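Heads up: the sequence shown at position 33 corresponds to 33 in the working numbering, and the numbers run straight through without jumps. To start, the structure itself, in structure tokens.
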Amino acid sequence: MIYSRIVGTGSYLPPRVVKNSEFAARLDTSDQWIRERTGIVQRHIADESQASSDLALEASRAALAAAEVRPQDVDLIIVATSTPDFIFPSTACLLQAKLGIRNCPAFDMQAVCSGFVYALATADNFIRAGTHKRALVIGAEVFSRILDWNDRGTCVLFGDGAGAVVLASAERPGLHASVLRADGSHAGILSVPGNVCGGRIIGSPFLQMQGAQVFKFAVKVLDEVARETVAAAGMDLMDIDWLIPHQANVRILEATARKLNLPHERLVVTVDHHGNTSAASVPLALDEFVRAGKIRAGHRVLMQGVGGGFTWGATLATM
Ligand code: ACO
């Protein structure tokens, strides 16, 4: 049997840090409101000169170095993003060129905040099929570009960044099981309902969200998909060393861990200093905890995505 295994992680955060006080200085909000309702204290915001492919490049270089894999040995690139550099070419193709490599397949995955988990499951299938051996899987976002900076209900929630993993073929798992789900009937509760048509923006280019509905839906499906994924892997929830849910809101994370009866020490939280970085949030959190020596070889990590579409999913991996 061929399996896939995460053999290196990397991440990148743009240098500019925006604290809650910056919002409080110009909007009807406060540091206290943002902390209490979301757990967010600060987020990183990309410079205008930086696009998703630039953030992805830095994260990829770090993951490749950690895996001791040369760029030319990568045979598949998947970039999960909802904030691509252009309509086309894909951010994955731009990243491939920036890495100085050619010919391997490269494509973007659009599943909003579930994008990284969707991309990881997709790369796992390529590797298990035996056609590819070393995949670079990235979540990269510049959500700051699609926020209405005068809408206090959304602009305080998000940040920019990128996370990456190298997924390589292995004789033992690695990735045990993935479950991916979507329900397009909920498309309206979280969207950027705009498009470019005839040189004009049609609809809105800004993120719109019905926060309370998103909150309830997220907690429900994160609980369900954790149980489904652990069962598909033939394991028990108690076998999980670390839970990395999509980092949307600390209250969503804590409610999920509570419903799953997982001790607080096993819950990975980075939303306080990253904000919600959409498809980048899970690989950013993974890399931070790996580099801090908390997530170690042999640990079982359950990664979860949930976001616009609506989409959700989870992957269970042994590191
Ligand atoms: N500062 C001060 N007041 C605010 C702010 C703000 N930044 N934002 C909203 N409010 C106000 C609202 O206008 C409302 O005022 P009103 O009662 O006078 O109308 C009041 O606070 C309460 O608003 P609610 O939306 O009911 O507040 P809630 O407790 O639900 O918190 C929040 C809002 C934080 C958005 C929450 O619903 C949430 O986290 N939802 C999940 C959404 C999420 O995480 N989205 C990320 C993308 S989705 C994903 O990644 C899964």
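Where a beta carbon is used, it is the ideal one built from N, C-alpha and C, also for glycine. Note that the structure is a prediction, hence the values are computed from the model and not measured.
Where the alpha helix (DSSP H) containing residue i begins and where it ends
i: residue 32; result: 31–38
i: residue 93; result: 91–98
i: residue 215; result: 211–232
i: residue 153; result: 152–155
Delimiting residues of the beta strand (DSSP E) encompassing residue i
i: residue 243; result: 242–245
i: residue 249; result: Unbroken run through residue 249: none, as it is neither H nor E.
i: residue 8; result: 3–12
i: residue 179; result: 175–182
i: residue 307; result: 300–307
i: residue 288; result: Element bounds for residue 288: not the beta strand (DSSP E) but the alpha helix (DSSP H), 281–291.
Whether residue i touches residue j by CB criterion (8 angstroms)
i: residue 117; j: residue 313; result: yes
i: residue 8; j: residue 64; result: yes
i: residue 272; j: residue 250; result: yes
i: residue 80; j: residue 174; result: no
i: residue 19; j: residue 50; result: no
i: residue 101; j: residue 71; result: yes
i: residue 112; j: residue 275; result: no
Residue i beta carbon near ligand 1 (any heavy atom closer than 7 angstroms)
i: residue 35; result: no
i: residue 209; result: yes
i: residue 307; result: yes
i: residue 261; result: no
i: residue 198; result: no
i: residue 252; result: yes
i: residue 156; result: yes
i: residue 249; result: yes
i: residue 153; result: yes
i: residue 113; result: yes
i: residue 41; result: no
Reduced DSSP category for residue i - H, G, I as helix; E, B as strand; rest coil
i: residue 160; result: strand
i: residue 104; result: coil
i: residue 120; result: helix
i: residue 254; result: helix
i: residue 198; result: coil
Whole beta strand (DSSP E) runs in the segment 49–92 with 3 or more residues, listed along the chain?
-> 76–80
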